[in-house]
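Student: Numbering (the numbering used here), first residue to last: 473 to 1228. Cβ coordinates follow ideal geometry from the N, Cα and C atoms, glycine included. First the structure, then my questions, so here it is.
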Ligand code: GLA
């Protein structure tokens, strides 16, 4: 449906007439002041007020056109029960000659132009050196849950198409922008953001975000938002361990797991990104602008060309961080992950890396596979070391053919053996990289990103291939496609073990060389998309030296992610907790590995299993060193896991007790239908004789009864624990459970099955 204010160039056609009719029908409930009808419609245009209302099940997002014809953000929060709450948009007045009206007004997609001083969504240089873009409403269309609004510069045929999609069930909205050059001359884009999220005007907001480092990803930070700008970003070429493109904002830092209003946002982009959190003091207005990082960014748009920005998601809940995470998790499973619509639980995997590192060969891998199969593993993944002259990290990357010393008859004998044991086979690749000591680099030294005559800085002895180049992209696609076509490989672990350095693309025209940042990522996406299309059963794990590439862009293409190279179970509790604020446990690959682990700590095998069983369980230990008791315990734990994994992976997570506070960590998962709930508890280090805190469960049906299953003797029986009748949800949530956890690194799992 099209609704043009600026004169349309297209002739009046039947289509247009039809569109106008539909637009009128869509607008009718509002025109009539009707409220009942509007509840089923997620995108509405209220023509008389020149407003758009985007409704989810529990939230409303409202934008309107002000008296200057600018698109203005008006409201985001709890669902508005009635259109009578709405009135037409009006710009905020100028504060003084120093704070213009456009700077005071919540422009939905501000161009840098006029007297606009906040973070702009768009910055361009137009023909003749004009560096001024003032965007006003041009037209809109509504298609079901989607809305398209076109803005246009006041003079030039520079358009921005804003696309909104509403996800009613998950209370989320997606924003995206496309910059269209319909002028007859070149437009140079210097900043292209996806949009802005505004929280209600006011003071006292707090920001929550995820920071980290290699082997210490997704650490949660909470801090007040003060006037000025806080930049969350990556300038490294990929998503990064250091900051993740997700944020949440609450009021006064008072929101907790159960209570408080929480607004959140996330970018779907695995390259240089930016989230600018701004508090502009004159209006007491907090806003978060997100999109491509404009650092070292430049994109020449020829006449007729357009540039689209990454998806920028936003959501709201007034039930604290717990509900915010559950909605986001549900959204990822229902709308983002490749298996959405036909979900498949993640298999239990074994990975050879920590056991053998680069010393892989047929006999060694077969021996590990046999042991892995015995404990119930379903997917056997051979990690680094199988290709080229890869004996350590000094050589071989780029040479994606099987090393014949290690595998004289290729991979097929190993894969058949693994399949014969009832497991799928997976293989590690690091497609984007090359070691200078490789056949590929000797043949194509020009294929790495570089500035002519300048050093090529190595990290882990490797250089980054310039995947923005189409020939490099085709080489990587063909190399992987060949391996997948010739072998029964069900799963790829796709790694990236360094960030960009000297990001030069000397073969490209000078004006286009900075496009490398974006084109590289688009080509990574394209390779994955093409591989998946050719090999429909293929599953992929995204890894970048651990959790360096986890975001809503890569998650449209991969089935799980490697959370962290730090597999030490106690450290993992924090990494996994931070991860859970933004990402579902279904994709959170978590391995049980040997002790003492990387930081010298030794935790019991049971503790390590229970930590890893809170995500997609894997085993990465050297099974050749395990005792019969270890095998027995592992077999039992894997079997417990299989009985609860649908709940852990697809259910609702309740963070009951945080590893950031106190001695006890507890997490509960409730299955989608509420038939099963599982609770994991971990005691870190007990003060002598101090009892572990009572754990109050959440998300149960007060009136239902639950049969309790324990895996040990850690649950202290309480009055009301009828062995046959079970325990009521009310008792479990209000009286709670007491556990006899003791000493250091004690742990338990409690499984509740609903009886009626
Ligand atoms: C990275 C990954 C590890 C492993 C090694 C192999 O560090 O995060 O899991 O695959 O590379 O070289």
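When the Cα atoms are used, what is the spatial distance from residue 623 to residue 598?
Tutor: Taking the chain shown and counting its residues from 1, one reaches residue 623 at position 151. Taking the chain shown and counting its residues from 1, one reaches residue 598 at position 126. For residue 623 and residue 598, the distance between alpha carbons rounds to 16 Å.
Student: I'd like the span of the beta strand (DSSP E) that includes residue 757, first residue to last.
Tutor: Sequence index remark: in the chain shown, residue 757 carries index 285 (1-based). Taken as a continuous stretch (DSSP letters only), the beta strand (DSSP E) holding residue 757 covers 757-764.
Student: By Cβ distance, which residues of its chain are closer than 6 Å to residue 1151, with the 5 residues on each side in sequence left out?
Tutor: Position 679 of the chain shown, counted from the first residue, corresponds to residue 1151. 1140 and 1222.
Student: Looking only at DSSP bridge pairs, what is residue 548 linked to?
Tutor: Position 76 of the chain shown, counted from the start, is the residue given in the question as residue 548. DSSP output for residue 548 lists 533 as bridge partner(s).
Student: Identify, in the order they occur along the chain, each residue of the same chain with its Cβ nearer than 7 Å to the Cβ of residue 508, setting aside the five sequence neighbours on each side.
Tutor: Your numbering for residue 508 matches position 36 in the chain shown. Confidence at residue 508 is low in this model, with a pLDDT of 36, below 50, so the placement of that residue is unreliable and no value is reported for it.
Student: Residue 813 to residue 793, Cα distance in whole Å?
Tutor: By one-based count along the chain shown, residue 813 stands at place 341. By one-based count along the chain shown, residue 793 stands at place 321. Approximately 26 Å between the Cα atoms of the pair.
Student: Could you tell me if the beta carbon of residue 898 falls within a distance shorter than 7 Å of some heavy atom in ligand 1?
Tutor: Locating residue 898 in the chain shown gives position 426, counting from the first residue. No; taking the cut-off as 7 Å, the Cβ of residue 898 has no heavy atom of ligand 1 nearer than that.
Student: Below 8 Å between beta carbons: does that hold for residue 1011 and residue 962?
Tutor: Position 539 of the chain shown, counted from the first residue, corresponds to residue 1011. Position 490 of the chain shown, counted from the first residue, corresponds to residue 962. A contact, by the Cβ cut-off of 8 Å.
Student: Is the beta carbon of residue 967 within less than 7 Å of some heavy atom of ligand 1?
Tutor: The residue labelled residue 967 in the question sits at position 495 within the chain shown. Yes, ligand 1 has a heavy atom inside 7 Å of this Cβ.
Student: Does the beta carbon of residue 871 fall short of 7 Å from some heavy atom of ligand 1?
Tutor: Along the chain shown, one-based indexing puts residue 871 at 399. Every heavy atom of ligand 1 is 7 Å or more from the Cβ of residue 871, so no.
Student: Compare the C-alpha of residue 519 against each of 634, 538 and 531 and name the closest.
Tutor: Taking the first residue of the chain shown as 1, we reach residue 519 at position 47. Taking only the C-alpha atoms, the option nearest residue 519 is 538.
Student: Would residue 677 and residue 760 be called neighbours here (beta carbons separated by less than 8 Å)?
Tutor: On the chain shown, position 205 is the one that residue 677 refers to. On the chain shown, position 288 is the one that residue 760 refers to. No, these two residues do not count as a Cβ contact at 8 Å.
Student: Alpha carbon to alpha carbon, what distance is there between residue 626 and residue 1004?
Tutor: As a position in the chain shown, residue 1004 is number 532, starting the count at 1. As a position in the chain shown, residue 626 is number 154, starting the count at 1. Going by the C-alpha atoms only, they are around 44 Å apart.
Student: In chain order, which continuous runs of the alpha helix (DSSP H) of length 4 or greater are located wholly inside the stretch 777-851?
Tutor: You should have 792-803, 825-828 and 834-846.
Student: Between the alpha carbons of residue 929 and residue 907, how many angstroms are there, rounded?
Tutor: Translated into positions along the chain shown, residue 929 becomes position 457. Translated into positions along the chain shown, residue 907 becomes position 435. Rounded to whole angstroms, residue 929 to residue 907 spans 12 Å at the Cα level.
Student: Going straight from the alpha carbon of residue 940 to that of residue 771, what length do you get?
Tutor: Reading the chain shown from its first residue, position 468 is the one you call residue 940. Reading the chain shown from its first residue, position 299 is the one you call residue 771. Using only the alpha carbons, I get a separation of about 14 Å.
Student: Is it buried or exposed for residue 486, if we count other Cβ within 10 angstroms and need 16 for buried?
Tutor: Taking the first residue of the chain shown as position 1, residue 486 is located at position 14. Residue placement at residue 486 is flagged as unreliable, the pLDDT there being 35, under the threshold of 50; the coordinate-derived value follows with that caveat. Counting Cβ neighbours within 10 Å, residue 486 comes out exposed, since fewer than 16 surround it.
Student: For residue 559, count neighbouring Cβ atoms within 10 angstroms of its own Cβ and tell me buried if that reaches 16, exposed if not.
Tutor: Residue mapping note: residue 559 aligns to position 87 of the chain shown, counting from 1. With fewer than 16 Cβ atoms within 10 Å of its Cβ, residue 559 is classed as exposed.
Student: Please list, in chain order, all residues of the same chain as residue 859 whose beta carbon is under 7 Å from its beta carbon, the five residues on each side excluded.
Tutor: Sequence index remark: in the chain shown, residue 859 carries index 387 (1-based). So the qualifying residues of the chain are 868, 871, 872, 873, 874 and 875.
Student: For a quick check, are the C-beta atoms of residue 989 and residue 743 less than 8 Å apart?
Tutor: As a first step, residue 989 must be located in the chain shown, where it is residue number 517. As a first step, residue 743 must be located in the chain shown, where it is residue number 271. It is a contact, given that the beta carbons lie within the stated cut-off.
Student: My parser needs the beta strand (DSSP E) runs of 3 or more residues fully inside the stretch 683-709; what are they?
Tutor: You should have 691-696 and 700-705.
Student: Figure out for me which residue from 1203, 954, 818 and 1035 has the closest Cα to the Cα of residue 896.
Tutor: Counted from its first residue, the chain shown places residue 896 at position 424. If we check each option's Cα against that of residue 896, 818 comes out closest.
Student: Identify every residue that forms a DSSP beta bridge with residue 1019.
Tutor: Translated into the one-based positions of the chain shown, residue 1019 becomes position 547. Answer is 1016, bridged to residue 1019.
Student: Does residue 763 have its Cβ less than 8 Å from a Cβ in chain C?
Tutor: Looking at the structure shown, chain C is missing, and only one protein chain is on hand.
Student: Write down the C-beta distance between residue 953 and residue 1006 rounded to the nearest angstrom, noting that I regard them as a contact closer than 8 Å.
Tutor: The residue given as residue 953 occupies position 481 in the chain shown. The residue given as residue 1006 occupies position 534 in the chain shown. Going by Cβ atoms, the distance from residue 953 to residue 1006 rounds to 6 Å, so yes, they are a contact pair.
Student: Indicate the three-state DSSP secondary structure (helix, strand or coil) for residue 519 in the structure shown.
Tutor: Position 47 of the chain shown, counting from 1, holds the residue named residue 519. Residue state, collapsed to three classes: coil.
Student: Kindly confirm or deny that the stretch 544-563 and the stretch 585-596 touch, where touching means at least three C-beta pairs closer than 8 Å.
Tutor: No contact exists between the stretch 544-563 and the stretch 585-596.
Student: Around the Cβ of residue 925, are there at least 16 other Cβ atoms within 10 angstroms (buried) or fewer (exposed)?
Tutor: Against the chain shown, residue 925 aligns to sequence position 453. Looking at its Cβ environment, which holds fewer than 16 other Cβ atoms inside 10 Å, residue 925 is exposed.
Student: Would you decide whether residue 1228 is buried or exposed? Buried here means 16 or more other CB atoms lie within 10 Å of its CB.
Tutor: Start at 1 with the first residue of the chain shown, and residue 1228 comes out as number 756. Per the 10 Å Cβ criterion, exposed.
Student: For a test of the three-state rule: what should DSSP assign to residue 970, helix, strand or coil?
Tutor: For this step, residue 970 is matched to residue 498 along the chain shown. Of the three classes helix, strand and coil, the one that applies to residue 970 here is coil, per DSSP.
Student: Just to confirm the assignment, what range does the beta strand (DSSP E) spanning residue 1154 have?
Tutor: The sequence position of residue 1154 within the chain shown is 682, counting from 1. It spans 1148-1157 - the beta strand (DSSP E) in which residue 1154 sits, taken as one unbroken run.
Student: Under the criterion of a Cβ to heavy atom distance below 7 Å, does residue 629 qualify as lining ligand 1?
Tutor: Position 157 of the chain shown, counted from the start, is the residue given in the question as residue 629. Not under cutoff, so the answer is no.
Student: Please name the residue in 1113, 1090 and 514 whose C-alpha comes closest to that of residue 825.
Tutor: Taking the first residue of the chain shown as position 1, residue 825 is located at position 353. Closest by alpha carbon: 1090.
Student: Going by beta carbon distance, what residues of the same chain come within less than 7 Å of residue 801, once the five residues before and after it are set aside?
Tutor: Taking the first residue of the chain shown as position 1, residue 801 is located at position 329. Closer than 7 Å at Cβ, skipping near neighbours: 1056 and 1125.
Student: Do residue 787 and residue 652 have their beta-carbon atoms positioned less than 8 Å apart in this structure?
Tutor: As a first step, residue 652 is located in the chain shown; it is residue number 180 there, counting from the start. As a first step, residue 787 is located in the chain shown; it is residue number 315 there, counting from the start. Contact flag unset, no.
Student: Starting from residue 736, trace the beta strand (DSSP E) in both directions and tell me its first and last residue.
Tutor: If you number the chain shown from 1, residue 736 lands on position 264. Residue 736 -> beta strand (DSSP E) spans 734-739.
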